[in-house]
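Per this note's numbering, residue 71 is the first one in the sequence shown, and the count goes up by one each step. Worksheet: the structure to be examined is printed underneath.
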Amino acid sequence: MPRTAPERLFNDLATRIRDAVEAIEPGLIAIRRDIHAHPELGFEEVRTSGIVAAELARLGIAHRTGIGRTGVVGTIEGARPGPTLAIRADMDALPIQEETGLPFASTVPGKMHACGHDIHTTTLLGVAEVLRDLAPQLAGRVLLVFQPAEEALGGAAAMVEDGVLEGVDMALGFHNAPDMPVGRFGYCRGATLAAADRFELVVQGKSGHAAHPEKAVDPIVAAGNFIAQAQTVVSREIDPLMPAVVTIGMIHGGSAPNIIPETVELRGTVRTLHRESRDIAEGALKRLAAGLDAMHRTRSTLAYRRGVPPLTNADSVLDPAVAAVRRQLGEVVEEGKPSMGAEDFAEFAERVPAFQLRIGSGAPGRRDALHNDRYQPDERCIGLGVQALSRIALDMLA
Numbered sequence: 071m072p073r074t075a076p077e078r079l080f081n082d083l084a085t086r087i088r089d090a091v092e093a094i095e096p097g098l099i100a101i102r103r104d105i106h107a108h109p110e111l112g113f114e115e116v117r118t119s120g121i122v123a124a125e126l127a128r129l130g131i132a133h134r135t136g137i138g139r140t141g142v143v144g145t146i147e148g149a150r151p152g153p154t155l156a157i158r159a160d161m162d163a164l165p166i167q168e169e170t171g172l173p174f175a176s177t178v179p180g181k182m183h184a185c186g187h188d189i190h191t192t193t194l195l196g197v198a199e200v201l202r203d204l205a206p207q208l209a210g211r212v213l214l215v216f217q218p219a220e221e222a223l224g225g226a227a228a229m230v231e232d233g234v235l236e237g238v239d240m241a242l243g244f245h246n247a248p249d250m251p252v253g254r255f256g257y258c259r260g261a262t263l264a265a266a267d268r269f270e271l272v273v274q275g276k277s278g279h280a281a282h283p284e285k286a287v288d289p290i291v292a293a294g295n296f297i298a299q300a301q302t303v304v305s306r307e308i309d310p311l312m313p314a315v316v317t318i319g320m321i322h323g324g325s326a327p328n329i330i331p332e333t334v335e336l337r338g339t340v341r342t343l344h345r346e347s348r349d350i351a352e353g354a355l356k357r358l359a360a361g362l363d364a365m366h367r368t369r370s371t372l373a374y375r376r377g378v379p380p381l382t383n384a385d386s387v388l389d390p391a392v393a394a395v396r397r398q399l400g401e402v403v404e405e406g407k408p409s410m411g412a413e414d415f416a417e418f419a420e421r422v423p424a425f426q427l428r429i430g431s432g433a434p435g436r437r438d439a440l441h442n443d444r445y446q447p448d449e450r451c452i453g454l455g456v457q458a459l460s461r462i463a464l465d466m467l468a
């Protein structure tokens, strides 16, 4: 049976994208290895953003630098009017000493691309080259957003403040996923990553001898009470169907076993997927801190700082994006579960309809994890990611 015109169009486009990616893939891997060997932390990505700008210039793609301090934004104009799609990749590394032993391992002590942002940066450069050559098929324009400082959860906000989303109708993010084998892709409907808030509690008592506690005010006992009660915020105040986490990851207090200290300091994080539970958790922790002083005669100060909001995927972007990946690569996309991790692409999703695609990067025979000093993603995820993201842009701006 002869193919219909739409079928021929889809199949021809898939072949063009695949052939284009195969031609540029070796060069992309070389760029990735160069970036990997020279990691830079958040807002320090001077060398990385220089590589990005040089590549965009080589491709003849108009771009701006210094957006959000060290970010770069390229623009590809389609042949016809239409909406603007922003595709975002993060560029920063982590303060981790690399232990992979790879020939292109980090040359910078104490810094490593352990979250795969070198993969992301390179993938978006590949998308730039593919879409540049297929720009006549676009109705609208594509913004190529190379973002700094995702790990500090501040780079997206800095770029937004510099106007990166002005005129943007929708946004597309992506992240490598070592828990999925290379060649697979994933998505999650609705809230997919959590809001990330932080708090710091300083409990001030009155120092004294451990043998005479009645002459002192013990901030350690008060702090211990707060730690125990903080766990009831999730178990007794938040709807069990709304995931939330309260974790205290740091406690400092005291200098000797026979001295009641003057102060104790706690620091923790709150992760929530829903705005309602976020409000409840903040209010509850503030109330518990205020109650310490009446119970323990202490003077307590709680500083609560909201970070990025939950990352919520919009069906209006997710559905056509997933369909496009399937048209390009087949039945390789599966629905997954939300995570209580955080991602500052949420700052984009808070302002425009957005979707973050998970790109499998797990290498055969390995069980890697992000933020690990031995993380080794399968580099084939670069070319596959370029195919998927390019097809999404072309289909959504057809």
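All C-beta atoms, glycine included, are put in the ideal place defined by N, C-alpha and C.
Subject >> Collapsed DSSP secondary structure at F418 in the structure displayed >> reply: Helix at F418.
Original post:
Where do the ends of the alpha helix (DSSP H) carrying M182 lie?
Top reply: Looking at the DSSP string, M182 is not in any alpha helix (DSSP H), and its letter there is neither H nor E.
Subject >> K276 - partner residues in DSSP beta bridges >> reply: For K276, which the question treats as bridged, DSSP gives the partners V287.
**OP:** Pick helix, strand or coil for A266, following the three-state DSSP scheme.
**Re:** strand
Original post:
Going along the chain, which residues of its own chain have a beta-carbon closer than 8 Å to the beta-carbon of A463, five neighbours each way excluded?
Top reply: Here the set comprises L155, I157, V197, L201, L208, V212, L242.
Subject >> Own chain residues within Cβ distance below 7 Å of A266, not counting five before or after >> reply: L223, T339, R341, G377, V378, A412
Subject >> P173 vs L111 beta-carbon contact at 8 Å >> reply: no
Subject >> Cβ pair A416, D465 closer than 8 Å >> reply: no
Original post:
Should E221 be labelled buried (16 or more other beta-carbon atoms within 10 Å of its own) or exposed?
Top reply: buried
Original post:
First and last residue of the alpha helix (DSSP H) that includes M229?
Top reply: Start and end: 225 to 231.
Original post:
Are A159 and F113 closer than 8 Å when you measure CB to CB?
Top reply: no
Subject >> Close-in-space but distant-in-sequence residues of the same chain around T177 (CB under 6 Å, 5 per side omitted) >> reply: Cβ neighbours of T177 beyond the five flanking positions: A107.
Original post:
Three-state secondary structure (DSSP) at D160?
Top reply: strand
Original post:
Going straight from the alpha carbon of E199 to that of M161, what length do you get?
Top reply: 18 Å
**OP:** Look at the Cβ atom of G141, then the Cβ atom of I131, and state whether they are nearer than 8 Å.
**Re:** no
**OP:** Can you give me the Cβ contacts of D448 inside the same chain, cut-off strictly under 6 Å, excluding the 5 residues immediately before and after it?
**Re:** V252, S431, A433
Original post:
Going by DSSP, which residues form a beta bridge with S431?
Top reply: DSSP output for S431 lists no bridge partner at all.
Original post:
Ordered along the chain, which non-local residues of its own chain (more than five positions away) have a Cβ less than 6 Å from that of R375?
Top reply: R268
Original post:
Exposed or buried, which one is G453 when buried takes at least 16 other CB atoms within 10 Å?
Top reply: G453 is buried by the Cβ-count criterion.
Original post:
The alpha helix (DSSP H) with L477 in it runs from where to where?
Top reply: Lying before the first or after the last residue shown, residue 477 is absent from the chain, which here runs from 71 to 468.
**OP:** Quick one: grab the DSSP three-state call for I452.
**Re:** helix
**OP:** Go ahead and label P283 buried or exposed: buried means 16 or more other beta carbons lie within 10 angstroms of its beta carbon, across all protein chains shown.
**Re:** So P283 ends up on the exposed side.
Subject >> Whole-angstrom distance between G138 and M229, CA atom to CA atom >> reply: 4 Å
**OP:** Report all residues from its chain with a CB closer than 6 Å to the CB of V273; omit the five preceding and five following residues, and keep chain order.
**Re:** P289, A292, A293, V334, T368, S370
Original post:
Comparing alpha-carbon positions, which option in V316, R103, P423, Q398 lies nearest T85?
Top reply: Q398
Subject >> Exposure label - P313; buried when at least 16 CB within 10 Å >> reply: buried
**OP:** Round the Cβ separation of P331 and G323 to the nearest angstrom and send it over; I've been treating them as touching at under 8 Å.
**Re:** 5 Å
Subject >> Assigned secondary structure, I94 (DSSP; H/G/I helix, E/B strand, else coil) >> reply: It is helical.
Subject >> DSSP three-state assignment for P76, whether helix, strand or coil >> reply: Residue confidence for P76 is low, a pLDDT of 49 falling below 50, so the modelled location carries little weight; the figure read from the coordinates is stated next. DSSP places P76 in helix when its eight states are reduced to three.
Original post:
For the beta strand (DSSP E) that G361 lies in, which residues bound it at each end?
Top reply: Run containing G361: none in the beta strand (DSSP E); it sits in the alpha helix (DSSP H), 345 to 366.
Original post:
Among L98, A364, G400, M240, which residue has its Cα nearest to the Cα of F425?
Top reply: M240
**OP:** Mark P96 as exposed unless 16 or more other C-beta atoms lie within 10 angstroms of its C-beta, in which case mark it buried.
**Re:** exposed
Subject >> Among G210, A359, I329, G400, the one whose alpha carbon lies nearest that of R337 >> reply: A359
**OP:** Please state if the CB of A205 and the CB of G148 are separated by a distance shorter than 8 Å.
**Re:** yes
Subject >> Same chain, Cβ closer than 8 Å to D443, neighbours up to 5 away in sequence not counted >> reply: I166, Q167, E168, E169, T170, M182, A184
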